[in-house]
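Engineer:
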Amino acid sequence: MDRLPHSTDLGAQIAHGAVRAFVMGERGAANEPATADDIARMAEIVQAGVAAGAVGLSVNRLEMHKSKDGREVPGTFAEIEEILALAHAVAAGSPDAVFSTIFSLGAQADDAVWHEQIDWVSRLSRETGLAVTFPFGASSDGSDRWRARLARIEAENANGARLYPQVGSHRQGLLCGLRTMNPFMGRSSYTALAGLPPAERAVRMADPDVKAAILAEHGMPGTTALAALMLQQAGAVFPPAPMPEQEPDPATSLAAQAAATGRDPQDLLYDWTIADDGQALVHFFLGGYAGSLDPSLELMAHPDSVLGLGDGGAHVDVICDCGYPSFLLSYWVRERERGTLGFEAAIKILTSEPAALYGLHDRGVVAPGYKADLNVLDPDRVSPRPVEIVDDLPTGAIRIVQRTDGFVATLVDGVVVQRDGEDTGARPGRVVRSRPRGA
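Numbering of the sequence shown is given in the numbering used here, commencing with residue 200 and proceeding in unit increments.
(1) Can you list, in chain order, the residues of its chain with a C-beta nearer than 7 Å to that of P204? Leave out the 5 residues immediately preceding and following it.
(2) On the CB-based measure, 16 or more other CB atoms within 10 Å of its CB, does Q456 come out buried or exposed?
(3) Return the bridge partner residues of N230 from the DSSP annotation.
(4) Between which two residues does the alpha helix (DSSP H) containing H215 stretch?
(5) So, using beta-carbon positions, are L430 and P382 closer together than 9 Å?
(6) Take T609 and list the residues in its own chain whose beta-carbon comes closer than 6 Å to its own, dropping the five residues that flank it on each side.
(7) Taking contact to mean at least 3 C-beta pairs separated by less than 8 Å, is the region 362-369 in contact with the region 325-336?
(8) Within the same chain, show all residues whose beta-carbon is closer than 7 Å to that of A401, passing over the 5 residues directly before and after it, in chain order.
(9) Anyone know if the C-beta pair for G252 and V631 falls short of 9 Å?
(10) My guess is that M241 and L283 are in contact by the Cβ rule of under 8 Å, so how many angstroms apart are they, rounded?
(11) Return helix, strand or coil for F606, following the three-state DSSP convention.
(12) For F335, report the span of its alpha helix (DSSP H) as first-last.
(13) Tell me, to the nearest whole angstrom, how far the beta carbon of F302 is from that of L261; I am working on the premise that it is less than 8 Å.
(14) Less than 9 Å between the beta carbons of F483 and L414, yes or no?
(15) At a cut of 8 Å, does the region 447-456 reach the region 339-348 through at least three beta carbon pairs?
(16) Measure from the alpha carbon of Q432 to the alpha carbon of each residue in M419, P464 and E416, then state which is nearest.
(17) Give the C-beta separation of V505 and V436 to the nearest angstrom, bearing in mind that I take them to be a contact with Cβ-Cβ under 8 Å.
(18) Just mark G624 as buried or exposed, buried being the case when its beta carbon has 16 or more other beta carbons within 10 Å.
(19) Within its chain, find whatever has a CB closer than 7 Å to the CB of P439; leave out the 5 residues flanking it on each side and keep chain order.
(20) Let me check one thing: in DSSP terms, what residues is L362 bridge-paired to?
(21) Buried or exposed for A233, going by 16 or more other Cβ atoms inside 10 Å?
(22) Quick one: measure Cβ to Cβ for L256 and V245, integer angstroms, because I've assumed they're closer than 8 Å.
(23) Return the residue from the list P407, T594, R403 and L485 that minimises the CA-CA distance to G434.
(24) Jot down the residue ranges of each uninterrupted beta strand (DSSP E) in the region 559-604, minimum 3 residues, whole runs only, in chain order.
(25) Would you mind working out which of L528, G224, R634 and E543 sits nearest S582, comparing C-alpha positions?
(26) Whose C-alpha, out of S299, V249, R322 and G269, is nearest the C-alpha of E149?
(27) Check V409 in the structure and name its three-state DSSP category.
(28) Comparing alpha-carbon positions, which option in Q316, Q371, T603 and L468 lies nearest A427?
(29) Drop a sphere of 10 angstroms on the beta-carbon of V589, count the other beta-carbons inside from all chains shown, and report buried for 16 or more, exposed for fewer.
(30) Could you give the distance in angstroms between the alpha-carbon of R634 and the alpha-carbon of A291?
(31) Considering just the uninterrupted stretch of the alpha helix (DSSP H) at N356, what are its terminal residues?
(32) Using a Cβ-Cβ cutoff of less than 7 Å, which residues in the same chain neighbour A571 once the five nearest sequence positions on both sides are dropped?
(33) Along the chain, where does the alpha helix (DSSP H) containing L430 start, and where does it finish?
(34) Just how far apart, CA to CA, sit A214 and S299?
(35) Tell me which same chain residues have a C-beta within less than 8 Å of the C-beta of E621, skipping the five on either side of it?
(36) Alpha carbons only, please: which of D604, D208 and S387 is nearest the one belonging to T423?
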């Protein structure tokens, strides 16, 4: 990372799964229990990595995160004692490093399981002194149970833990279409057309006989689970739009539109998918959508929360979260009618708060002696543009990008790296390293 030129500063977190697979080989990849020897070797590597500058450790507990062979990624089911040992190694390497995790699906759905997860992350934080961050959000069913969960976090922090629920300025979602990932992939009648350009594929798929054949293959072996998930959560699926709404009217959802028109939801979803000459992107909110972002406003303003949940780096062909800073500064500050954030509060959420979480005490504030990482922006013009699909990755693979207006200049270490949204070619970025223990 040090040798590669880059425009912005970068930091690296150690991935538990990678270390586990390296130390344990196939046993680690198969999620077998670690021996005391395995744990000691992993801890040695983790401590050395943090001492060399890694800013934290990432641990996955979410079962839907799979490796290429279809198995859960290494460490998903690791014993808590293994994780605690690695957390102690992190703390031994740096007092500023952060422990990041994501809970299981069961914890997201079941209060008892969720509280069990809070038990161990609270213990970990108190024992090691580490800041712990994990995804957190409102319930997709519209209930207020997230308030009780937030109260539990507050109580643990009052008792010496350092828990930072990571919240989003928007609902995360998949952009599904013929150019990205769509619910009809894996069906044999669709696979026969999958190699065609999107526009030609859309024309062929509009044929009534082809449509009937593809729809009839729903749920057959080898088909993707995406269709079943979208149909189960049809209230969280919304029609194609150049700029997908982040707080859409529930009456426009797939469930509501199918009910209003008397159509089968899968039939309507099919038509949405092939619309606009195959360029359409159907918006599917992950985890559901209860019709309002009001809870997000409360969560972003909460003193224990930190803004994040940008998942686009891992799923560039179906998720685009890079626009959330400009979305925060436009929608939440300027446009929303049901409650807004102040401009100063939004800037603080984007800058000094995440910097403080990672112990980056040289940035995040405009003041003498601080690093000159600055955005010069026009508050009245800041706004994300519609998403675009580009095919500039190796092998011609696609990614979804979202550019923005209103950023006059971006400076890193006092050097202008972007002007009016265009790259200047300057590469002043460096690797940010955590502060070693005892420094």
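We put the beta carbon where it would ideally sit given N, CA and C, even for glycine. Computed from a predicted structure; not experimentally measured.
Structural biologist: From the atom records:
(1) Excluding positions up to five away in sequence, the list reads R626.
(2) buried
(3) According to DSSP, which records beta bridges pairwise, N230 is partnered with nothing at all.
(4) Looking at the DSSP string, the run of the alpha helix (DSSP H) that includes H215 is H215 to M223.
(5) yes
(6) N574, V616 and Q617
(7) yes
(8) L377, I473, D476 and G477
(9) Using a Cβ distance threshold of 9 Å, G252 and V631 count as a contacting pair.
(10) Incorrect: roughly 12 Å between the Cβ atoms, too far for contact.
(11) strand
(12) Neither: F335 is in no alpha helix (DSSP H) and is coded neither H nor E.
(13) 7 Å
(14) No; because the gap between Cβ atoms is not below 9 Å, this pair is not in contact.
(15) no
(16) Answer by Cα proximity: P464.
(17) That belief does not hold up - the Cβ atoms of V505 and V436 are roughly 29 Å apart, past 8 Å.
(18) exposed
(19) W471, A474, D475, A479, L480 and V481
(20) V331
(21) buried
(22) 6 Å
(23) Comparing Cα positions, the closest option is L485.
(24) With a minimum length of 3 residues, the continuous beta strand (DSSP E) runs that stay inside the region 559-604 are 573-576, 587-589 and 598-600.
(25) L528
(26) Beyond the ends of the chain as shown, which are 200 and 638, falls residue 149; an answer cannot be given.
(27) helix
(28) L468
(29) Its Cβ having fewer than 16 others within 10 Å, V589 is exposed.
(30) 11 Å
(31) R344 to A357
(32) L610, D612 and G613
(33) L425 to Q431
(34) 10 Å
(35) Around E621: no qualifying Cβ.
(36) S387
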